[in-house]
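One structure is given here, and the rest of the page talks about it.
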Amino acid sequence: MIANEKEYLIVKEKLQTLLLDLERMEKKKVAADDLLHFIRMDAVRAEIEELKIEIKQYYLSNAKQHAAMEDFDATLEDYKKILEMDEGSSPIILNLIGRLFLAKRDYPKAVEYFSINLPEGYTGLGDAYAGMKDYKAAIFNYTSAIATDPGNYSAYNNRADTYKAMGKYEDALNDIFEAIELNPDKAIAYLTLAEIYAHSEKLNEFYLTFEHALKLDKEVVDGIIRSESYYQQFFKEERFTALLEKYNVDAVNNS
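Right, dumping it as structure tokens:
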């Protein structure tokens with residue numbers, strides 16, 4: 050495990066040396082039955098792969114640190130270094146880069162990365178199109194994600210959220226119940242359900258479901274109600290603020 054920049058440079062230099070060694074070995078003319086030569090080549094290839102894994106783990110560790118500091122450019126650069134080592138074909142990293150652009154609300158750029166990472170990128174594409182309010186495209190991509198992976202909780206949850214934005218509350222309910230069945234411990238699914246009830250003017254169901262979301266993960270709920278303007282109307286309601294106070298949610302003090 051590479052611990053610092055100094056160790057990284059040592060490992061990187063060793064990798065470059067091995068790559069040159071392998072190149073020379075591949076160019077060397079040897080007899081087809083020279084087993085020792087081919088065994089040595091395999092050993093060098095194995096060592097190269099081990100060093101690449103170490104370097105990619107180092108880049109990923111740096112990316113996590115930079116993300117925690119909200120340094121978008123540095124995080125993106127770390128991910129791109131990993132992608133370069135994988136010759137541009139790493140589904141996990143492509144997804145992380147797409148998510149990074151989603152967080153920055155650079156939806157066209159997110160679409161660019163998710164589009165070259167299918168089928169893994171379908172859910173991300175749905176999120177990007179939903180962010181651009183292209184709900185038809187969002188629904189298409191969430192549906193594609195579900196067709197590829199019927200157990201995709203996020204695709205059901207986010208498609209429900211999109212149906213809700215379109216005013217299709219019955220479709221939204223069907224999807225969110227499916228999401229809850231797939232993952233009953235996710236507070237965000239119950240929060241989506243609560244919002245569907247609120248839009249459908251079923252306020253008692255809204256409050257009961259909202260409280261269940263608080264029981265599951267009040268930090269997630271706190272973050273969402275702070276960031277989404279939709280909830281501002283509820284801070285005027287005594288029943289809403291009473292629930293926030295009951296579960297010691299910080300947002301009530303900033304309303």
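The number in this note's numbering is simply the position in the sequence shown, starting from 1, with 49 added. Where a beta carbon is used, it is the ideal one built from N, C-alpha and C, also for glycine.
Pairwise C-alpha distance: residue j and residue i
i, j, result
"residue 192", "residue 224", "11 Å"
"residue 61", "residue 154", "35 Å"
"residue 258", "residue 103", "46 Å"
"residue 87", "residue 178", "51 Å"
"residue 176", "residue 151", "8 Å"
"residue 185", "residue 76", "54 Å"
"residue 78", "residue 84", "13 Å"
"residue 249", "residue 52", "54 Å"
"residue 189", "residue 209", "13 Å"
"residue 194", "residue 73", "45 Å"
"residue 107", "residue 67", "19 Å"
"residue 244", "residue 212", "12 Å"
"residue 263", "residue 234", "11 Å"
"residue 58", "residue 125", "20 Å"
Beta carbon proximity, residue i to chain D, threshold 8 Å
i, result
"residue 179", "The structure shown has no chain D; it contains just one protein chain."
Residue i, DSSP secondary structure in three states
i, result
"residue 272", "helix"
"residue 203", "helix"
"residue 93", "helix"
"residue 74", "helix"
"residue 79", "coil"
"residue 220", "helix"
"residue 52", "coil"
"residue 279", "helix"
"residue 232", "coil"
"residue 105", "helix"
"residue 110", "helix"
"residue 190", "helix"
"residue 246", "helix"
"residue 286", "coil"
"residue 297", "coil"
"residue 198", "coil"
"residue 251", "coil"
"residue 210", "helix"
Can you check the stretch 116 to 186 for any alpha helix (DSSP H) of at least 4 residues that lies completely inside it and give the ranges in chain order? Within the stretch 116 to 186, complete alpha helix (DSSP H) segments of at least 4 residues are found at 121 to 134, 140 to 152, 156 to 164 and 171 to 180, given in chain order.
Should the stretch 117 to 131 be called in touch with the stretch 78 to 98, which here means at least 3 C-beta pairs below 8 Å? The answer is no - the stretch 78 to 98 does not touch the stretch 117 to 131, with fewer than three Cβ pairs under 8 Å.
Check whether the stretch 123 to 135 and the stretch 160 to 172 touch, using three or more Cβ-Cβ pairs below 8 Å as the test. With a cut-off of 8 Å, the stretch 160 to 172 and the stretch 123 to 135 do not count as touching, because too few Cβ pairs lie within range.
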